[in-house]
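Chains as they are written, first to last, in the working numbering: chain A, 5 to 219; chain B, 5 to 219.
A virtual CB, placed ideally from N, CA and C, is assigned to each residue, including glycine.
Just below is one structure, and these are the notes that go with it.
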DNA sequence: TAGATTGTTAATCGATTAACAATC
DNA sequence: TAGATTGTTAATCGATTAACAATC
């Protein structure tokens with residue numbers, strides 16, 4: 005495969021899932037003043053093999069240097085660019101319950117370029133209440149906020165039964181990506197990307213793991 | 005492969021990750037009064053193929069019936085048992101910030117058998133404050149709570165730099181499974197299971213997906 | 001019974017790892 | 001220079017899908 009096709013073609017799903025880990029670690033190392041990291045060191049820190057690391061990074065527009073490894077600064081920049089994180093990405097939160105409010109206030113998102121530009125709910129009792137600097141808005145305003153502010157991502161933090169309607173509303177309003185914090189499986193058109201946060205599913209996976217440990 | 009070895013051997017990771025989805029959907033169907041579901045219908049609802057569904061369910065101690073499909077009640081019971089969800093599972097939350105408090109109050113966990121038995125933090129200013137029915141306890145009490153209450157799972161909802169120390173404290177105190185809500189990669193002994201919630205990573209994956217859509 | 005649907009084997013596909021020439 | 005480390009190809013491993021006999 006030529007360099008051309010490797011770096012411009014689609015990146016395998018398994019690799020895309022790992023790129024955020026490389027990014028986080030590269031930023032962490034940079035922050036600690038470490039300028040170079042080898043595939044072996046990176047692998048150890050992230051629980052991978054050095055082979056996987058080198059394979060993965062070959063999909064990123066960036067080269068390591070023999071005998072030195074990868075520049076943490078270059079790695080940060082290149083992975084950020086590959087993921088499309090070179091500019092702020094606007095998000096809205098749908099659902100202003102405990103979880104939705106916590107996410108709207110979550111500092112880490114802003115710190116890494118995800119800007120929450122609206123918090124929505126359909127419970128009339130909480131409309132206009134404040135969540136940090138946000139004012140809870142009714143779902144009827146979702147469309148105009150998404151259009152005006154060019155929102156790309158909707159975070160769905162509603163009760164189980166409200167998840168699909170919330171997804172429909174977000175899609176109809178123009179969102180292209182959905183972060184699903186519920187246990188519901190969302191049915192969406194092919195052009196829409198969904199990532200499931202799997203919180204309950206993760207606890208259930210852990211239940212299996214700790215059970216298996218016992219037997 | 006004999007029935008014996010299929011159902012008693014270790015279940016492939018990819019299958020374990022899907023079992024919670026089958027469980028959620030089976031419970032949803034049951035709740036709606038639907039008693040039978042075919043592999044094809046299940047596949048459509050969950051975005052899988054009927055072949056994957058049948059393969060996956062062959063790892064569960066439970067059989068479908070030709071021409072009718074799977075009993076939703078049987079499916080619920082069998083998957084619950086396989087995952088080890090036939091009894092309550094005790095958890096603690098470490099970190100009483102926005103996210104930790106939201107998770108401690110999250111109704112869905114209790115509803116599905118995960119009981120939060122303690123909320124911990126090391127910021128002296130918030131010790132003894134209430135989170136719903138929970139009182140925030142200092143980390144110094146973590147060990148005795150985990151031992152006394154036979155806690156299996158620790159939920160880590162602390163700032164990035166505090167994640168590894170929190171994991172160490174949980175492991176030292178006797179937890180066997182960790183749900184990591186932070187972006188940090190946790191280094192743990194082999195006997196300990198970690199599942200990453202990947203919230204920031206999921207947003208970054210979505211950033212890539214919506215970027216790729218545009219080009 | 002005939003047809004629908006399961007359970008399972010075999011084939012395909014994709015992801016990970018091993019190996020090593022290129023190179024700094 | 002000699003040795004460490006990358007980038008890439010080929011081999012292995014695991015996950016998904018296709019196909020079909022068994023069965024209700």
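Within 10 angstroms of its Cβ, does residue 104 of chain A collect 16 or more other Cβ (buried), or is it exposed?
By one-based count along the first chain, residue 104 of chain A stands at place 100. Flag for residue 104 of chain A reads buried.
Only counting the same chain, and skipping five residues up and downstream in sequence, which positions put a Cβ closer than 6 Å to that of residue 180 of chain B?
Walking along the second chain from the start, residue 180 of chain B turns up at place 176. 156.
Kindly say whether residue 28 of chain B, judged by its beta-carbon, lies nearer than 7 Å to any beta-carbon of chain A.
As a position in the second chain, residue 28 of chain B is number 24, starting the count at 1. Judged by the 7 Å Cβ criterion, residue 28 of chain B is in contact with chain A.
I'd like to check one pair, residue 167 of chain A with residue 160 of chain A: are the Cβ atoms closer than 7 Å?
Counted from its first residue, the first chain places residue 160 of chain A at position 156. Counted from its first residue, the first chain places residue 167 of chain A at position 163. Yes, Cβ-Cβ distance for residue 160 of chain A and residue 167 of chain A is below 7 Å.
Looking only at its chain, what residues have a beta carbon closer than 6 Å to the beta carbon of residue 44 of chain B, apart from the 5 residues adjacent to it on each side?
Numbered from 1 along the second chain, position 40 holds the residue referred to as residue 44 of chain B. Only 54 meet the Cβ criterion.
Nearest-angstrom Cβ-Cβ length linking residue 158 of chain B and residue 121 of chain B, presumed shorter than 8 Å
For the purposes of this step, residue 158 of chain B is identified with residue 154 of the second chain, where counting begins at 1. For the purposes of this step, residue 121 of chain B is identified with residue 117 of the second chain, where counting begins at 1. So it is not a contact: roughly 11 Å between Cβ atoms.
Would you mind reading off the limits of the beta strand (DSSP E) that contains residue 141 of chain A?
Position 137 of the first chain holds residue 141 of chain A. Start and end: 138 to 142.
Using a Cβ-Cβ cutoff of less than 8 Å, which residues in the same chain neighbour residue 153 of chain B once the five nearest sequence positions on both sides are dropped?
For the purposes of this step, residue 153 of chain B is taken as the residue at position 149 of the second chain. Cβ neighbours of residue 153 of chain B beyond the five flanking positions: 94, 121 and 122.
CB of residue 61 of chain B to nearest heavy atom of the ligand ATP: below 6 Å?
Ligands in the displayed structure: none, and consequently the ligand ATP is not present.
Tell me which residue opens and which closes the beta strand (DSSP E) that residue 72 of chain B is part of.
Within the second chain, numbered from 1, the residue matching residue 72 of chain B stands at position 68. Looking at the DSSP string, residue 72 of chain B is not in any beta strand (DSSP E), and its letter there is neither H nor E.
Hey, which unbroken runs of the beta strand (DSSP E) at 3 residues or more fall wholly within the stretch 31 to 104 of chain B?
93 to 98
Rank A:16, A:15, A:14 and A:22 by C-alpha distance to the C-alpha of residue 207 of chain B and give the top, closest one.
Along the second chain, one-based indexing puts residue 207 of chain B at 203. Ranking A:16, A:15, A:14 and A:22 by Cα distance to residue 207 of chain B puts A:22 first.
Determine the chain B residues that contact residue 66 of chain A at a beta-carbon separation under 8 Å, and present them in chain order.
Your numbering for residue 66 of chain A matches position 62 in the first chain. Ordered by position in chain B, no residue passes the 8 Å Cβ test against residue 66 of chain A, which lies about 16 Å from the chain.
CA nearest to the CA of residue 37 of chain A, picked from A:194, A:173, A:75 and A:63:
Locating residue 37 of chain A in the first chain gives position 33, where the first residue counts as 1. Selected option, being the one with the closest Cα: A:75.
Rounded straight-line distance, which links the Cα of residue 39 of chain B to that of residue 189 of chain B
Here residue 189 of chain B refers to the residue found at position 185 when the second chain is read from its first residue. Here residue 39 of chain B refers to the residue found at position 35 when the second chain is read from its first residue. About 42 Å.
At the 7 Å Cβ level, is residue 172 of chain A part of the contact set with chain B, yes or no?
By one-based count along the first chain, residue 172 of chain A stands at place 168. Not an interface residue.
For residue 201 of chain A, which residues of its own chain have a beta-carbon under 6 Å away from its beta-carbon, when the five flanking residues on both sides are left out?
As a first step, residue 201 of chain A is located in the first chain; it is residue number 197 there, counting from the start. Correct list, in chain order: 185.
Taking any Cβ of chain B, which residues in the stretch 30 to 57 of chain A have a Cβ under 7 Å from it, in chain order?
49, 50 and 51
Can you find the residues in the same chain that come closer than 8 Å, C-beta to C-beta, to residue 136 of chain B, ignoring five residues on each side of it along the sequence?
Working through the second chain from its first residue, we reach residue 136 of chain B at position 132. Only 108 and 109 meet the Cβ criterion.
Please list the partners that residue 118 of chain A has in chain B, where partner means a Cβ-to-Cβ separation under 9 Å.
The residue labelled residue 118 of chain A in the question sits at position 114 within the first chain. Neighbours of residue 118 of chain A on chain B, chain order: 204, 207, 208 and 211.
Distance, Cα to Cα, residue 16 of chain B vs residue 205 of chain A?
The residue you call residue 16 of chain B lines up with position 12 of the second chain. The residue you call residue 205 of chain A lines up with position 201 of the first chain. Distance between the alpha carbons of residue 16 of chain B and residue 205 of chain A: 16 Å.
Taking only beta carbons into account, state which residues of the stretch 176 to 188 of chain A come closer than 8 Å to chain B, listed in chain order.
180, 181, 182, 183, 187 and 188
If you compare alpha carbons, which of B:63, B:124, B:41 and B:132 is closest to residue 73 of chain B?
Counted from its first residue, the second chain places residue 73 of chain B at position 69. Cα-wise, what sits closest to residue 73 of chain B is B:41.
Report the residues of the stretch 151 to 169 of chain A with a CB closer than 7 Å to any CB of chain B, ordered along the chain.
156 and 157
What is the rounded straight-line gap between the Cα of residue 211 of chain A and the Cα of residue 70 of chain A?
Locating residue 211 of chain A in the first chain gives position 207, where the first residue counts as 1. Locating residue 70 of chain A in the first chain gives position 66, where the first residue counts as 1. Rounded to whole angstroms, residue 211 of chain A to residue 70 of chain A spans 44 Å at the Cα level.
Residue 194 of chain A CB to nearest chain B CB: under 7 Å?
The sequence position of residue 194 of chain A within the first chain is 190, counting from 1. So, not an interface residue.
Look up residue 8 of chain B in the DSSP assignment and say whether it is helix, strand or coil.
Position 4 of the second chain, counting from 1, holds the residue named residue 8 of chain B. Residue placement at residue 8 of chain B cannot be trusted, given a pLDDT of 37 that sits under 50; the coordinates are not used to answer.
Beta-ladder partner(s) of residue 160 of chain A, from DSSP:
Indexing the first chain from 1 puts residue 160 of chain A at position 156. For residue 160 of chain A, which the question treats as bridged, DSSP gives the partners A:98 and A:184.
Which class does residue 155 of chain B belong to by DSSP, given the choice of helix, strand or coil?
Indexing the second chain from 1 puts residue 155 of chain B at position 151. DSSP places residue 155 of chain B in coil when its eight states are reduced to three.
So, are the CB atoms of residue 141 of chain A and residue 124 of chain A less than 7 Å apart?
Reading the first chain from its first residue, position 137 is the one you call residue 141 of chain A. Reading the first chain from its first residue, position 120 is the one you call residue 124 of chain A. Contact flag set, yes.
With 16 as the cutoff for other CB atoms within 10 Å, does residue 89 of chain A come out buried or exposed?
Position 85 of the first chain, counting from 1, holds the residue named residue 89 of chain A. Per the 10 Å Cβ criterion, buried.
What would DSSP say about residue 147 of chain A, mapped onto helix, strand or coil?
Taking the first residue of the first chain as 1, we reach residue 147 of chain A at position 143. Correct three-state label for residue 147 of chain A: helix.
Please name the residue, chosen from A:194, A:130 and A:79, that lies closest to residue 213 of chain B on a Cα-to-Cα basis.
Here residue 213 of chain B is taken as the residue at index 209 of the second chain, counted from 1. Measuring from the Cα of residue 213 of chain B, the nearest candidate turns out to be A:194.
Measuring only between beta-carbons, confirm whether residue 129 of chain B sits less than 7 Å from chain A.
Here residue 129 of chain B refers to the residue found at position 125 of the second chain. So no, residue 129 of chain B is outside the interface.
State the start and end residues of the unbroken beta strand (DSSP E) segment that holds residue 119 of chain B.
Numbered from its first residue, the second chain carries residue 119 of chain B at position 115. Start and end: 118 to 125.
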